[in-house]
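Here the sequence shown is numbered in this note's numbering, starting from 35 and rising by one per residue.
We put the CB at the ideal spot given by N, CA and C, even for glycine.
Given the structure is predicted, the values throughout are model-derived calculations rather than measurements.
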Amino acid sequence: MPDQTSHNPPEPGTAEAPAELRADARRNRERVLEAAREVFAAQGVDAPMSAVARRAGVGVATLYRRFPTRSALVTAAFEDQLAVCATAFEEAMADPDPGHGLYTLLEKVCTTLVTDRGFETVFMAGFPEALDYDRERACAEERLAHLVQRARDAGRLREDFAPADIPLLLLAVSGLATQPPETALPAARRLLTYLFQSFQAHPPSRPGPLPPAPALDLSGLHRPPAAPLAAATAGEATAGTDRGPRPRRPARSAGR
């Protein structure tokens with residue numbers, strides 16, 4: 035995914051800091067971030083920047099003045115989700131029951147993956163310009179390996195369970211992201227419960243009940259992604275995408 039910049043960026047580098055903005059400009063910035071989260075969640079982070087601007091009710095020039103690159107917008111939009119993920123890692127590491135800590139972490143990650151397509155793209159595929167993805171991935175892999183080792187040492191995981199089994203699980207769960215949330219969430223929880231029972235070193239002879247089965251059949255394999263923002267993006271086909279020429283930057287604009 036190539037990064038994209040306005041033809042007339044305000045300054046080389048990153049987005050404007052919220053503390054440096056006037057009250058009306060801060061409101062514009064928050065509207066853009068809220069719109070970005072909604073558009074990226076529905077369409078992924080490849081969604082046109084013009085769709086984000088329309089959703090926020092601001093001009094494309096205003097959006098690029100706040101966030102001169104797609105990377106800057108993605109970073110700001112998913113800052114909270116990434117912080118939640120970091121907190122989940124910390125809580126899992128601090129859990130006195132390593133098996134419970136690992137399961138809780140995976141449950142949080144899995145539910146986020148199936149409810150937020152933008153975060154799925156950032157978490158699963160990376161966005162190198164927006165995040166130091168190599169560093170973040172190396173840190174996550176190191177923590178996961180530590181969690182797995184703790185759970186194995188405590189007799190909570192089978193000896194042949196490997197850290198590589200976790201990306202395998204996440205890839206399986208991320209395939210549910212195209213389903214509506216009312217289907218994807220129970221499906222992810224049921225799949226995770228199924229798999230985690232098989233991961234245990236000593237699974238109970240009578241395991242506890244599974245979460246309720248989702249409303250899925252074979253037709254769900256070919257169901258197109260839900261489009262909750264269809265009304266907001268209906269004009270995209272005729273308006274084009276943000277890969278074309280940028281509008282000229284006006285001398286002054288509302289929100290500055």
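Contact between the stretch 231-238 and the stretch 189-198 is present: 3 or more CB-CB pairs across the two stretches fall below 8 Å.
Non-local beta-carbon contacts of R224 in its own chain, meaning distances under 8 Å to residues more than five positions away in sequence, involve L244, P245, P246, A247, P248 in chain order. For D199, the uninterrupted alpha helix (DSSP H) run begins and ends at 199-208, by DSSP.
Boundaries of the alpha helix (DSSP H) around S232: 215-233. Here DSSP, grouped into helix, strand and coil, assigns L191 to strand. The Cβ-Cβ distance between S84 and V73 does not fall below 8 Å.
For A222, the CB contacts under 8 Å within the same chain, skipping 5 residues up- and downstream, are C144, T145, L147, V148, V207, L210 in chain order. If you draw a straight line from the Cα of T138 to the Cα of A120, it is about 13 Å long. The alpha-carbon separation between N62 and F230 amounts to approximately 44 Å.
Within the same chain, and ignoring the five residues on either side of L178 in sequence, the residues whose Cβ sits closer than 8 Å to its Cβ are P197, I200.
In this structure, DSSP gives G93 a state outside helix and strand, which the three-state scheme calls coil. It is roughly 43 Å from the alpha-carbon of F101 to the alpha-carbon of D131.
In the assembly as shown, P241 is an exposed residue. Its beta-carbon has fewer than 16 other beta-carbons within 10 Å.
By alpha-carbon distance to A90, the top candidate from A75, E68, L107, V79 is E68.
A buried status is given to R184, since no fewer than 16 other beta-carbon atoms sit within 10 Å of its beta-carbon. Closest option to R71, judged by alpha-carbon separation, among R56, G133, V108, V118: V108.
One Cα belongs to V86, the other to T212, and the distance between them is close to 20 Å. When the beta-carbon positions are compared, L252 and T217 stay at least 8 Å from each other. In the three-state reduction of the DSSP assignment, V73 falls in the helix class, which pools H, G and I.
For L250, there is no enclosing alpha helix (DSSP H), as DSSP marks it with neither H nor E.
Assigned with DSSP and collapsed to three states, H236 falls in coil, not helix or strand. Comparing alpha-carbon positions, the option among Q115, R65, A76 lying closest to V92 turns out to be R65.
In the three-state scheme derived from DSSP, where H, G and I count as helix and E and B as strand, L178 is classed as helix. With 16 or more neighbouring CB atoms inside 10 Å of its own CB, S105 falls in the buried class.
C-alpha of A76 to C-alpha of A174: approximately 26 Å in a straight line. Residue nearest to L219 within the set D150, F123, M127, E176 is D150 (criterion: CA-CA distance).
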